[in-house]
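Q:
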Amino acid sequence: MNAEEAGPAERRSRDWGTVMNRVTCEAVKLEERGGRTVLLCPRCGSGSLQHLGVAVYERAERAPFALQVSTRRSNVGIEMVDADQADNPSANGHGVALQLYCESCSGDEVQDIELTFAQDGAATLLAWRFPPRDL
Ligand SMILES: [Zn+2]
Numbered sequence: 141m142n143a144e145e146a147g148p149a150e151r152r153s154r155d156w157g158t159v160m161n162r163v164t165c166e167a168v169k170l171e172e173r174g175g176r177t178v179l180l181c182p183r184c185g186s187g188s189l190q191h192l193g194v195a196v197y198e199r200a201e202r203a204p205f206a207l208q209v210s211t212r213r214s215n216v217g218i219e220m221v222d223a224d225q226a227d228n229p230s231a232n233g234h235g236v237a238l239q240l241y242c243e244s245c246s247g248d249e250v251q252d253i254e255l256t257f258a259q260d261g262a263a264t265l266l267a268w269r270f271p272p273r274d275l
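Quick note: the sequence shown uses my numbering, first residue 141, plus one each step.
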């Protein structure tokens, strides 16, 4: 599924501070450059993605609460959050969200792209979360 097929999905964003419309996209594109592998932006295809922070969600399977540990600008946050209200990319287990800024298409947004890892049974799912540019 790509971003156009997924359509906007409204989600609350704890770190972004406002309700945002975000799409999910499962296609992770890479480019080989001089023997190194570069992650490409899911929205514009640029290879200029900067790391801004990371959020890690520790949640026992289907537990009502999750431990959220996040880092951003030399700050660390640790809190227990309602599992249904958290931005955990996993619906019922552990998750990780790497927050990124694209030098080519993020513009004034300070953080609007996330590469996520979600526990789903015995599998780990990889996906993107980001607002489409036409919002
Ligand atoms: Zn981009």
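Using N, Cα and C, we set each Cβ at its ideal position, and we do this for glycine too.
Would the C-beta of Cys165 count as close to ligand 1, meaning under 7 Å from any of its heavy atoms?
A: Not so, every heavy atom of ligand 1 lies at least 7 Å from the Cβ.
Q: Identify which residue in Pro272, Leu266 and Pro271 has its Cα closest to the Cα of Leu179.
A: Residue Leu266 is the option with its Cα nearest to Leu179.
Q: Can you find a heavy atom of ligand 1 that lies under 7 Å from the Cβ of Gly269?
A: It should be noted that the sequence gives Arg, not Gly, for residue 269. No, the Cβ of Arg269 stays beyond 7 Å of every heavy atom of ligand 1.
Q: With a threshold of 6 Å on Cβ separation, who are the neighbours of Arg202 within its own chain once the five nearest residues in sequence on each side are excluded?
A: Result list for Arg202: Asn232, in chain order.
Q: For Glu243, collect the residues of the same chain with a Cβ closer than 6 Å to its Cβ; drop the 5 residues on either side in sequence, then sort them by chain order.
A: Same-chain partners within the cutoff: Ser188.
Q: Of the residues Cys165, Pro182 and Val163, which one's Cα is nearest the Cα of Glu171?
A: Nearest option by C-alpha distance: Pro182.
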